[in-house]
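Protein chains in written order, with the working numbering: chain A, 2 to 341; chain B, 2 to 341; chain C, 2 to 341; chain D, 2 to 341.
Protein chains: 4
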Amino acid sequence: MRSIKFGVIGAGRIGRLHAENLAYYVPEAELLWVADVVKEPARETAERLGITNWTTDYREVLADPKVEAVLICTSTDTHAEIIQAAAAAQKDIFCEKPLALDLSEIEKALRAVKKAGVLLQVGFHRRFDPHFRRLKELLEAGEIGKPWLLKITSYDPAPPPISYVKVSGGIFLDMTIHDFDMARFLLGDVEEVYAAGAVLVDPEIGKAGDVDTAVVTLRFKSGALGVITNCRKAIYGHDQRIEVLGEKGGLFAENPLPHATRVANERGYHTAPLHYFFVERYREAYIAEIKAFVEAVQEGKEPPVTGLDGKIPVVIGYAAKKSLLERRPVRLGEIDPSLA
Amino acid sequence: MRSIKFGVIGAGRIGRLHAENLAYYVPEAELLWVADVVKEPARETAERLGITNWTTDYREVLADPKVEAVLICTSTDTHAEIIQAAAAAQKDIFCEKPLALDLSEIEKALRAVKKAGVLLQVGFHRRFDPHFRRLKELLEAGEIGKPWLLKITSYDPAPPPISYVKVSGGIFLDMTIHDFDMARFLLGDVEEVYAAGAVLVDPEIGKAGDVDTAVVTLRFKSGALGVITNCRKAIYGHDQRIEVLGEKGGLFAENPLPHATRVANERGYHTAPLHYFFVERYREAYIAEIKAFVEAVQEGKEPPVTGLDGKIPVVIGYAAKKSLLERRPVRLGEIDPSLA
Amino acid sequence: MRSIKFGVIGAGRIGRLHAENLAYYVPEAELLWVADVVKEPARETAERLGITNWTTDYREVLADPKVEAVLICTSTDTHAEIIQAAAAAQKDIFCEKPLALDLSEIEKALRAVKKAGVLLQVGFHRRFDPHFRRLKELLEAGEIGKPWLLKITSYDPAPPPISYVKVSGGIFLDMTIHDFDMARFLLGDVEEVYAAGAVLVDPEIGKAGDVDTAVVTLRFKSGALGVITNCRKAIYGHDQRIEVLGEKGGLFAENPLPHATRVANERGYHTAPLHYFFVERYREAYIAEIKAFVEAVQEGKEPPVTGLDGKIPVVIGYAAKKSLLERRPVRLGEIDPSLA
Amino acid sequence: MRSIKFGVIGAGRIGRLHAENLAYYVPEAELLWVADVVKEPARETAERLGITNWTTDYREVLADPKVEAVLICTSTDTHAEIIQAAAAAQKDIFCEKPLALDLSEIEKALRAVKKAGVLLQVGFHRRFDPHFRRLKELLEAGEIGKPWLLKITSYDPAPPPISYVKVSGGIFLDMTIHDFDMARFLLGDVEEVYAAGAVLVDPEIGKAGDVDTAVVTLRFKSGALGVITNCRKAIYGHDQRIEVLGEKGGLFAENPLPHATRVANERGYHTAPLHYFFVERYREAYIAEIKAFVEAVQEGKEPPVTGLDGKIPVVIGYAAKKSLLERRPVRLGEIDPSLA
């Protein structure tokens with residue numbers, strides 16, 4: 002298969018992670034450019050990975066005719082604009098989640114992608130986690146028959162800085178969005194959301210107008226129920242588990258531990274702590290999602306996480322926000338009539 | 002310690018279970034009477050346990066001056082009446098849950114108990130389960146600091162007969178009531194409930210006006226959140242787990258397996274199935290709760306599960322029913338102003 | 002079924018344990034006598050269990066025509082004599098392991114039992130452990146086909162007093178004897194033993210002429226191999242595990258934990274410690290073995306652990322001692338030609 | 002760090018595995034040559050990895066002055082010769098285990114390496130497994146104090162072809178050799194070996210003069226004991242576990258599972274099967290060992306698995322063979338007086 006030539010736009014934490022994965026672990030990709038509005042991360046990342054081209058203006062990347070695809074890892078408020086520019090430049094696009102916080106911005110970006118006929122994959126990496134993938138395979142193989150009840154546990158080890166909380170769009174658009182996507186990935190369309198929230202971890206999060214702990218009830222079009230539990234802080238690490246109860250049994254994706262070595266002493270048996278956070282926990286998933294995108298580009302086929310897959314979790318997030326505010330269940334159709 | 006003389010009123014499944022435990026596993030108790038409105042179970046149970054007295058009229062038990070305490074295991078609609086009669090007869094009382102489906106009946110019974118000055122313990126056996134008890138000890142020892150989020154998984158292996166569903170008061174008063182009690186036991190007073198429900202297991206349950214699958218969100222007075230997931234059918238057994246996330250870590254009471262022997266073959270590792278249902282799963286808990294009651298009677302002290310502990314989960318159950326009906330969160334004060 | 006009337010001879014730790022189990026947990030048994038050469042334990046045990054008869058002379062127990070069966074829990078050097086006296090008195094006999102340290106004493110006792118036509122069960126309680134029992138059932142059900150390799154892990158939490166070590170007959174006759182019995186129970190006849198030993202826990206054990214850590218290789222008549230690992234000290238509790246590898250898979254009896262509740266924090270996940278020692282670990286097994294004996298007496302059938310089952314592990318123990326001394330594998334026939 | 006230029010000699014299964022790892026997962030290495038006595042694997046491997054140079058004569062690789070290091074993955078009987086040629090050509094050397102089956106050949110090779118002053122690392126990949134590494138770290142950190150008893154479980158999923166068994170040197174030099182190395186890695190010098198073996202998996206293995214199941218007892222210079230259990234066939238996969246009991250507790254490296262997703266149904270809970278064999282099980286270890294070699298070459302420092310580390314397990318293997326034959330424990334000094 003021919004190697005796909007890439008530009009990475011945005012060299013923050015997640016941009017650097019993708020750039021390294023492209024450079025080291027995806028033989029079918031070649032990284033040509035690193036762009037960042039700030040000079041140092043762009044230069045430093047390019048240098049470390051042995052890439053000659055770096056820039057502070059992403060348009061330089063788009064202008065390079067050798068670049069076939071871009072990875073957009075900039076701050077959320079720039080996603081929609083860069084997607085449109087990249088589409089206009091006929092580049093295939095991988096964009097980090099969320100596509101945008103404004104639904105009309107998302108629509109505009111999706112229209113541009115459609116019009117240009119380029120590919121777009123959205124960065125819901127958890128779909129590529131081998132444990133969750135195995136759960137989905139078992140579900141689809143009918144191992145538990147019809148699914149009735151989905152439970153997603155999703156805790157972060159520590160809250161982000163308050164400055165980030167303020168621009169994040171709130172817990173449902175920043176954190177739960179991954180769980181909304183996972184819910185759709187596993188059980189299909191969501192119809193209604195009820196969200197309860199509390200400020201328990203840090204009162205500053207409350208002052209910033211957000212909650213840090215949440216219980217979100219989902220009702221699926223299929224009639225099944227779901228519940229997502231979120232907390233911004235679990236001192237023992239990135240707790241990420243999924244359960245599905247169905248007519249013929251249960252499926253349980255437990256937390257993988259970094260190693261399988263235990264200590265026994267007079268206080269009991271002691272395992273390793275969980276992977277600390279997403280970089281460690283989803284290492285394989287991040288590589289797999291890029292490989293999947295490269296494969297889609299190589300074959301010119303629809304990527305496994307589409308633009309619509311990128312938009313709907315944002316809609317669910319707004320429904321959850323509305324539910325929290327109005328203290329009642331909210332149907333997706335109230336946010337986006339096309340999903341009624 | 003002196004041995005406490007008992008009468009068991011009601012010789013259905015749970016009555017026989019308690020009678021056997023009293024006879025075999027509680028050396029500090031002596032079983033004098035077995036009563037049941039139906040002759041055969043009364044006679045058969047008494048005979049099997051080597052007890053000479055049996056009757057179809059519970060008043061005969063209460064009339065025996067040697068009897069110090071009674072176990073009420075009759076159908077729910079008779080609990081309040083028998084409690085009042087037993088209190089009038091100056092017997093200490095252990096009564097199965099729920100005390101009654103009618104809150105005013107419960108109040109009447111509790112007043113009778115108070116007036117008579119007898120002891121009353123309500124049959125929330127899960128409080129005596131060694132796994133949950135250990136979780137509570139760790140919680141109280143401050144092992145995870147302040148608790149933020151409680152998760153209770155509580156599935157039955159198979160739904161009860163539809164005839165029972167119809168008189169049960171519905172899933173929240175029949176099944177979730179145990180989880181409401183556990184929530185209070187672990188995290189204290191509940192303030193508000195939101196219940197989502199679905200009919201997924203058996204449409205007949207829906208026709209009977211009930212749901213068979215539920216997600217119930219709790220808000221505690223402390224500010225903590227909780228969620229209970231219920232299903233009337235988990236083909237793999239009586240799935241009963243509790244998790245608490247707190248500021249310093251997590252607590253997890255997993256399902257104990259009947260035995261610790263695994264098989265490995267080319268398809269993987271295979272454990273025992275779960276205990277099928279409550280009789281097997283809570284064997285130790287049932288013995289421990291009766292021992293605790295006997296100890297309370299011996300020492301004339303307040304039993305570990307009081308009349309109020311018996312009443313409040315019924316109130317929460319009504320709040321959940323109202324929530325399901327009105328599709329909104331309901332505060333306990335709406336059901337019982339004394340709990341506002 | 003009629004209730005069997007018992008005398009317990011020997012009121013040390015294990016005698017008291019059996020006496021309590023008989024009194025509380027074996028409804029089909031009635032305890033009439035407690036005997037001990039020392040007055041206090043006899044009197045105290047009888048009193049606590051509400052039994053009127055106690056004595057310092059076991060012959061008084063044997064002289065009581067109401068007594069149908071005895072439990073011999075005295076020191077090992079008295080077992081053979083008491084077995085013979087009990088057999089002569091036509092009592093059925095349950096005797097703790099080992100039957101004797103002297104093989105000719107064992108033979109004499111077994112002949113007396115045979116001549117008298119009474120029943121004899123030997124106290125290898127681990128055969129009644131539910132985890133090991135399940136493993137045996139799976140093995141017999143052909144779950145792993147022909148067994149090839151047996152691995153028994155058997156560690157004590159702490160060594161016994163040196164005074165006991167000196168009269169114990171050594172680790173192989175005192176501790177490994179249970180593992181030898183388990184090996185026979187699971188894989189059948191043992192043909193050859195090789196024992197390696199070391200003094201690692203306490204040099205005083207070495208001075209007493211014993212080892213405290215051992216690796217014992219077994220060759221079964223079937224051709225299968227086995228290995229037992231022993232240590233007198235595992236600070237984390239009574240580690241008791243069994244594995245069998247066979248042509249179609251593996252069986253693993255893991256350590257059951259006292260409870261299924263875990264704590265997670267930044268150092269990892271933490272379970273309960275193991276059961277400390279045999280009293281806690283084999284609680285159910287001790288009750289089940291007495292119930293099995295009572296059933297054998299009631300039905301007049303051969304008990305599940307026979308006199309020969311009591312003798313052969315002693316022979317294997319002597320073969321292990323000889324192997325350790327002579328640094329070579331030893332066949333059972335070298336110790337007892339009848340087993341060649 | 003400068004990139005190290007490599008030639009891979011031998012393009013069988015393990016050679017291809019190393020070549021791919023070098024090409025894809027070790028950024029600090031550059032693969033220049035692939036050699037194999039058979040043309041097709043050499044050509045095919047080079048082509049697939051985009052390497053221009055391939056040959057059927059390894060001397061061509063050694064003659065290329067750009068090549069700094071070679072990986073020797075040929076059949077065992079050629080290792081010593083190629084090591085000597087590579088040393089003479091001043092290449093640093095990574096050689097698969099065993100260095101040779103003939104101890105004098107090994108000595109000759111080690112002398113050549115020493116004389117040439119080149120680096121030599123031997124392919125004991127398990128030392129780089131993250132689970133075993135963690136166990137070693139905990140051991141060295143004193144987590145369980147002084148180690149007393151080491152237990153290594155090491156089963157293959159299926160036996161090799163009989164043609165290979167015949168030239169393999171036997172189970173102890175082919176399979177157990179890894180466990181001997183692990184034993185030394187964890188607990189230091191071995192003093193004495195006792196091996197019991199049986200033919201249980203396949204009678205053809207017996208006809209080839211080998212055993213397929215073994216229990217090997219080790220005595221360490223420290224006084225500690227060890228036991229290795231081996232079987233050529235475990236239908237459930239590559240079972241690779243290590244336990245150490247010490248004065249302050251136990252360490253347990255369990256088998257990592259391919260994924261953490263379980264199914265529950267009426268027959269119990271079901272996990273994934275084990276990794277099938279070494280390629281899957283030790284994927285990370287193979288990459289880590291090559292990275293460690295590259296680092297040693299870059300820094301000109303002694304590799305983490307030396308020539309002596311390569312030789313001693315062969316000596317232990319011969320001691321085990323002698324033990325099996327002569328049915329007695331054998332000291333290493335009997336095989337190699339320098340290890341007495």
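Using N, Cα and C, we set each Cβ at its ideal position, and we do this for glycine too.
- Boundaries of the beta strand (DSSP E) around I94 of chain A: D93 to C96.
- The same chain holds no residue with a CB closer than 6 Å to that of K208 of chain C once the five nearest residues on each side in sequence are set aside.
- For P42 of chain C, the enclosing alpha helix (DSSP H) begins and ends at K40 to R49.
- Interface with chain C (7 Å Cβ-Cβ cutoff): N231 of chain A is excluded.
- Taking 7 Å as the CB threshold, P330 of chain D lines the interface with chain C.
- One finds Y237 in chain C with Cβ atoms closer than 7 Å to the Cβ of A265 of chain A, taken in chain order.
- The contact set of G250 of chain A on chain B, defined by CB atoms closer than 7 Å, consists of I236 and Y237 in chain order.
- Around the beta carbon of Y270 of chain C, 16 or more other beta carbons lie within 10 angstroms, which makes this residue buried.
- DSSP places L102 of chain A outside both helix and strand once states are collapsed to three, so it counts as coil.
- Taking the C-beta atoms as reference points, T262 of chain A is found no nearer than 7 Å to R242 of chain D.
- Residue state for Y283 of chain D is assigned as coil, using DSSP reduced to three classes.
- Nearest Cα to A286 of chain D within the set D:F133, D:R233 and D:I107: D:F133.
- At the C-beta level, A70 of chain C and K92 of chain C come within 7 Å of one another.
- Residue pairing for T177 of chain A: DSSP places it in no beta bridge.
- As the crow flies, the alpha-carbon of P66 of chain C is around 59 Å from that of E108 of chain B.
- Secondary structure at I288 of chain D: helix, using DSSP grouped into helix, strand and coil.
- K6 of chain C is a Cβ neighbour of E31 of chain C, given a cutoff of 7 Å.
- Identification of chain D residues near N256 of chain A by a Cβ-Cβ cut-off of 7 Å yields A261, ordered along the chain.
- Beyond the five residues adjoining it in sequence on each side, V202 of chain A comes within less than 8 Å, by CB distance, of P160, D213, T214, C232, R233 and K234 in the same chain, given in chain order.
- Taking 7 Å as the CB threshold, P160 of chain B stays off the interface with chain D.
- Close to E281 of chain D, with beta-carbon spacing below 9 Å, lies no residue of chain A; the smallest spacing is near 13 Å.
- Within the stretch 10–43 of chain C, the residues whose Cβ lies closer than 8 Å to some Cβ of chain B are A24, Y25, Y26 and P28, listed in chain order.
- In this chain, N266 of chain A is not harboured by any alpha helix (DSSP H); it is covered by the beta strand (DSSP E) spanning T262 to N266.
- Judged by their CB atoms, V35 of chain C and A24 of chain C are not nearer to each other than the 7 Å cut-off.
- With a threshold of 16 other beta carbon atoms within 10 Å, E141 of chain B falls short and is exposed.
- Check the Cα spacing between T57 of chain A and each of A:V68, A:E41 and A:E48: the tightest is with A:E41.
- DSSP, reduced to helix, strand and coil, places E303 of chain C outside both helices and strands of the structure shown, so it counts as coil.
- Assigned with DSSP and collapsed to three states, S155 of chain D falls in strand.
- V27 of chain C and K322 of chain C do not touch by the CB rule: their CB atoms are close to 36 Å apart, not below 8 Å.
- Residue range I5 to I10 is occupied by the beta strand (DSSP E) that includes G8 of chain B.
- Closer than 8 Å at the C-beta level to chain A, one finds these residues of the stretch 201–224 of chain B: L201, V202, T214, A215, V216, T218, R220 and G224.
- Under the Cβ criterion of 7 Å, G269 of chain B is counted among the residues facing chain D.
- For E45 of chain C, the closest alpha carbon among the candidates C:R284, C:L72 and C:G16 is that of C:G16.
- The bridge partners DSSP lists for A254 of chain C are B:T262 and C:I243.
- The beta-bridge partner set that DSSP reports for R220 of chain C consists of C:E193 and C:L226.
- In chain order, V264 make up the part of chain A whose C-beta sits under 7 Å from the C-beta of E144 of chain D.
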